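Letter by letter, the sequence shown follows residues 1 to 135 in the working numbering.
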Amino acid sequence: PLSFEGDMQYVQYGTDTSDRQGFVANRTSEGTMPAGSQWTKNPIPACNSPDGGAYAAPHCGDGALGPQFEPPLPGLYGYGESAQANWAQEFTFSIVDKLLVPADLEAGDYVLSFRWDCEQTSQVWAMCSDISIVN
Numbered sequence: 001p002l003s004f005e006g007d008m009q010y011v012q013y014g015t016d017t018s019d020r021q022g023f024v025a026n027r028t029s030e031g032t033m034p035a036g037s038q039w040t041k042n043p044i045p046a047c048n049s050p051d052g053g054a055y056a057a058p059h060c061g062d063g064a065l066g067p068q069f070e071p072p073l074p075g076l077y078g079y080g081e082s083a084q085a086n087w088a089q090e091f092t093f094s095i096v097d098k099l100l101v102p103a104d105l106e107a108g109d110y111v112l113s114f115r116w117d118c119e120q121t122s123q124v125w126a127m128c129s130d131i132s133i134v135n
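In structure tokens:
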């Protein structure tokens, strides 16, 4: 398994990488499977309601519900969409994690797989990405 680089995560709005805002990540490698792999908590708290804000007015009822836990940066919380807004996307940012690439990894095409365990539902999402390592 690949390891995360350092103890920071970043929020990035749009495609401008120079405008990232960093905060300390919540990571662990204890009790993970496979052994030695790392887990990182999604740093964005949902709205403080039983449904996480899915059926509240957009942006957690315009802030009335507040976050389920302290957000990593001011205002960085919510469900991401709401029924009252016809499920329109509310989040305009990406969460960025950096990975350590082994120095002896040969140039070539690879597949990176990762999984996302949902906090509020019994869902587990598995995803992958094509990666090209070049010299």
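Note that CB positions come from ideal geometry on N, CA and C, so glycine has one too. Predicted model, so just to flag it, every value in this text is computed and none were measured.
With 16 other CB atoms within 10 Å as the buried threshold, where does residue i fall?
i, result
"Tyr55", "exposed"
"Val11", "buried"
"Gln9", "buried"
So, using beta-carbon positions, are residue i and residue j closer together than 8 Å?
i, j, result
"Tyr13", "Gly52", "no"
"Phe23", "Leu105", "no"
"Leu65", "Asn48", "yes"
"Val124", "Arg115", "yes"
Counting only the same chain and skipping the five closest in sequence on each side, list residues whose C-beta sits under 6 Å from that of residue i.
i, result
"Asp109", "Ser132"
"Thr40", "Ala25, Arg27"
Work out the CA separation of residue j and residue i for me, nearest whole Å.
i, j, result
"Phe69", "Asn135", "43 Å"
"Ser37", "Ser113", "12 Å"
"Gly63", "Ser82", "13 Å"
"Ala35", "Gln21", "31 Å"
"Gly61", "Asp117", "26 Å"
"Thr92", "Ala126", "22 Å"
Which residue wins for smallest C-alpha separation from residue i, given the options the options?
i, options, result
"Ile95", "Pro1, Thr17, Leu2", "Thr17"
"Pro45", "Gly31, Ser129, Pro71, Glu90", "Pro71"
"Pro50", "Thr121, Ala126, Asp130, Cys128", "Thr121"
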